[in-house]
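One structure is given below, encoded as structure tokens.
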Amino acid sequence: MRMLFGFTLSVTFLASFNTFAADVDLAKVSQQQDWRNLLHIPRHSNRSEIENQAFFLADNGRNDAEAELRATLALFQQEHVDNNDHPQCIYPARFFWLQQQGLLVDVERARCTDFSEWAEVAKLESSSLIFADGFLGNPASFYGHLLLKNNTQADEFGSELLNNSMNFGAAVSDDENPIVYILKGLFGGYQATYSASHFYRYNLNYAEAELRDLWNYELNISVEQAYLLAAHNWELLNTAYTYYFTHRNCAYHLGRTLELVTDQPMMPAHEPFVFPIAVVNRIFNNTINGEPAVRSVRHVESRQSRFRRKFLQLSNSEQHVARRWVETEGDSESDFLELNQSSRIRVLDVLADYYEFQLSQQRNDSNLKQRKNEVLVARMQLPAGAEAFVPANAIPPHQGVGGSMLQPRLIHNSELGAGVDLTYRIAYYDMLTPNAGKAPDSALSMGELGVRWHQDTGLELAKLWAVNIESLNINPTGLPGDGGRAWILRAGWQRNYVSAAGDDLQTFLRGGIGKAWQFGSTRLYTMLDGQLTGGDDLGNKFAIMPRVGFTYEFERSKVQCETRFIQANRTNSWAYTCDARAIHGSNWDMRIGIAHEDYTEGYLGVTVYW
């Protein structure tokens, strides 16, 4: 249909040009940022980031905003059959915006039933930016994910799950090799598109299947701005882009879309790394029509988070009965009957959530289905009504720190003396980083570069970690299937400044598994790691490292300490480390630490995030 438009444009172009030129400076209109945003032309460029030519009406529309404006006006001036192939129905945002500029005021609106039904125009009220927490099961989701959701007036069902939502992602086959997936994602090997679906599908995938908490940031926009965003999203369903994990991803493109309504830009020019958390921070600190850009923030718990929150609010006796119920598969009636009626209701409500959580991971398990039905039958024998549980009090993502960091430190080494080092991390967080917007009790960093100076050694590369992923994967409830094994994967190059085996830069690969436990604000863990290296001065090339440690968090501080035994192929030794985040602000923290193996080293540093 768009190709047919092109054949007719030249016929009416000169006539329409004279009509518009008499009243409006079209060159000036075409340079308005809103028009450029509708074409996805960045502020620092004159070329649209939309790659498929079919989106543009002028032959040079991708590179010439004025030519695309004139072609658009000419097309809207023509007579068309009033159906869903009408130009207004394919470009509803362009038509709406141009009318707001005083153009096309005499052009009759088309009905556009497909778009109106999709956007639920009659009930449309606002829009929301949805943030999904990071997910360590998928490299593309390590850093979180973003969606845009239409918000409508509540109907008799009162559910937002049927609202349409926009997703941006790479087109990847289901059987893609993970290594190929990462490499192609890093170097632009995928095309990416927008897709739309009812919100319940994304809620099912992220919150139910992948067990990721969602955060709903409702935008403080007018109904007209909500319409403009929805109309533009409709247009974007027919666009294509080159996808890059690091900077041309869901965060970047949804951030660019939000610039249609924000007062300040969302995406700086030439930003090398763009993370979803950064877009969340920017929209929260932005304004719309001179007012705060975010009207409200709402936490949507995952199935697992909801079950855990309720279980941990049970009394000790209630928790004991819940565990006994699961262990005996419901054959613990005497324990259950010892509880009062209120406690029985609380236990059964939590058990219903527990089995729902388990079934979200094992949908075809007939035994789990039977156990769930037994809980529901028992619950039906008690009075209706829900027992009160305290709502979640999780830290929202916008209160977390940025994805990149720079950390200067003062060091004293018992062998090398005083020194300084500087660490730069592209992404994302470590065990001491505040938990907002990330998987709890985990670390995820990529591209962590450190340089160090001592008087005897001069300036040298201290480390380059290509990847560091750790997860304690804690089971705070003690029930089967909640949590699992702790694990670590780390690879890159580093020097060991506390070992007598030499501090040469070595290639290394380290992996390990273990178990972790939670006791209030304390996490205890034990791990068994294995490490391969390029070889040190004593000929050690591999080592087995059992280790035990703990983390403890209080107020604005957190400590992690561990000890390990290093059994290498030539030598063995004991070592320990202890690191602390002494205090932190919105975009910084102060850290101290000590490490010992053959030598002892202490440090004091400040970390800056952005």
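Counting with mature numbering (1 follows the signal peptide of the UniProt record, and there is no 0), you get residues -21 to -1, 1 to 589 for the letters of the sequence shown.
Quick reminder that beta carbons are idealized off the backbone N, C-alpha and C, glycines included.
The structure presented is a predicted model; accordingly, all values stated were derived computationally and were not measured.
- The beta carbon of W213 is closer than 7 Å to those of P71, F94, W97, A98 in its chain, skipping five residues each way along the sequence.
- DSSP places Q378 in the helix class (H, G or I) of the three-state scheme.
- Here G398 has I390, N392, R431, W432, H433 as same chain residues with Cβ atoms under 7 Å from its own Cβ, once five neighbours each way along the sequence are excluded.
- In the three-state DSSP reduction, Q337 falls in the helix class (H, G or I).
- Beyond the five residues adjoining it in sequence on each side, Y179 comes within less than 6 Å, by CB distance, of L140 in the same chain, given in chain order.
- When only Cα atoms are considered, L401 and L347 end up about 52 Å apart.
- For H232, the uninterrupted alpha helix (DSSP H) segment begins and ends at 229 to 237.
- Taking the Cα of T307 as reference, the smallest distance to any Cα among G40, W472, E353 is reached at E353.
- Between Q497 and the set P455, G514, N519, the nearest pair of CA atoms involves P455.
- If you draw a straight line from the Cα of H177 to the Cα of V100, it is about 15 Å long.
- Taking Q485 as reference, the option from R41, T501, R464, G514 with the minimal CA-CA separation is G514.
- Here the alpha carbon of L517 sits roughly 8 Å from the alpha carbon of G481.
- A straight line joining the alpha-carbon of G584 with that of A373 spans about 28 Å.
- With at least 16 other beta carbons inside 10 angstroms of its own, S450 counts as buried.
- Secondary structure of E87 (DSSP, three-state): coil.
- Between the alpha carbons of E576 and D192 lies a gap of roughly 40 Å.
- Judged by their CB atoms, P251 and R22 are not nearer to each other than the 8 Å cut-off.
- Comparing C-alpha distances from A209 to each of N182, S144, E317 shows the shortest one belongs to S144.
- Ranked by Cα distance from R474, the options V151, W466, F487 are led by F487.
- Put simply, the backbone Cα of A371 is about 7 Å away from that of R288.
- Counting of Cβ neighbours within 10 angstroms places G379 among the buried residues, the total reaching 16 or more.
- Under the criterion of beta carbons closer than 8 Å, W76 and L207 qualify as touching, at roughly 7 Å.
- In this model, R489 and C229 are separated by some 31 Å (Cα to Cα).
- Put simply, of K537, A188, G493, G167 the residue whose alpha carbon is nearest the alpha carbon of T225 is G167.
- Here D242 is near N265, since their CB atoms are less than 8 Å apart.
- Beta-bridge pairing by DSSP links A422 to E449.
- The beta carbon of R464 sits closer than 8 Å to those of N452, I492, G493, K494, all from its chain and outside the five residues before and after it, given in chain order.
- In terms of Cα proximity to V253, the closest of R227, E270, I262, N260 is R227.
- Only buried fits R543, as 16 or more other CB atoms lie within 10 angstroms of its CB.
- Taking a C-beta distance under 8 Å as the contact criterion, A111 and S339 do not qualify as a contact pair.
- According to DSSP, residue pairing for M506 in a beta bridge involves G493, R526.
- Counted as a single uninterrupted DSSP element, the beta strand (DSSP E) harbouring H278 occupies residues 273 to 279.
- Distance from R41 to S24 at the Cβ level is roughly 11 Å; contact not present, criterion being Cβ atoms closer than 8 Å.
- Secondary structure remark: continuous alpha helix (DSSP H) runs of at least 4 residues inside the region 338 to 403, in chain order: 345 to 359.
- Here M569 is bridged, per DSSP, to I562, V585.
- By the C-beta density criterion, T131 is buried, having at least 16 other C-beta atoms within 10 angstroms.
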